[in-house]
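To start, the structure under review is shown below, and the notes come after it.
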Amino acid sequence: TLGSVMNGLIPHYYKGKMKGEAFASGKDISKLSLHEIGHIVGTVFQDPRSQFFTTTTDEKIAFGLQTICKSRDEIKQRVEEVYAEL
């Protein structure tokens with residue numbers, strides 16, 4: 010439940026009464042959009058296999074950029090930059 014509050018699932022997806030406040034990086038989570046929360050809070054699952062849902066390296070590199078609403082062109086460019094570094 011705490012994890013759902015911290016990553017914004019409560020109250021954005023799971024409705025109900027919420028008492029108290031939840032802060033991350035000094036910001037009230039309930040006052041932020043999911044996009045804003047994504048910039049300051051991340052989730053790592055206890056079972057690492059359950060968090061792997063992409064099938065290609067491109068998708069893995071692009072995922073973080075997609076969560077912060079970067080354009081397709083910027084994502085493609087940045088993926089290519091990562092490959093150039095490797």
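The opening residue of the sequence shown carries number 10 in my numbering; numbering runs sequentially from there.
Yeah, the Cβ is synthetic: ideal placement off N, Cα and C, and Gly gets one too.
Check                                                                                     : Outcome
Ser-42 versus Ala-71, Ile-77, Lys-69, residue with shortest Cα-Cα distance                : Ile-77
The region 10-24 contacting the region 42-60, beta-carbon criterion three pairs below 8 Å : yes
Cα-Cα separation between Gln-2 and Ser-59, rounded to whole angstroms                     : This structure does not reach residue 2, given that the chain is present from 10 up to 95, and the question cannot be answered.
Straight-line Cα distance separating Tyr-23 from Ser-13                                   : 9 Å
Residues sharing a beta bridge with Lys-36, DSSP                                          : Ala-33
Three-state secondary structure (DSSP) of Val-14                                          : helix
Test item: CB-CB of Ser-54 and Thr-63 under 8 Å                                           : Here the sequence assigns Phe to residue 54, which means Ser is not the residue at that position. Result no, Cβ atoms of Phe-54 and Thr-63 do not sit closer than 8 Å.
Within 8 Å, strictly: CB atoms of Asp-67 and Val-50                                       : no
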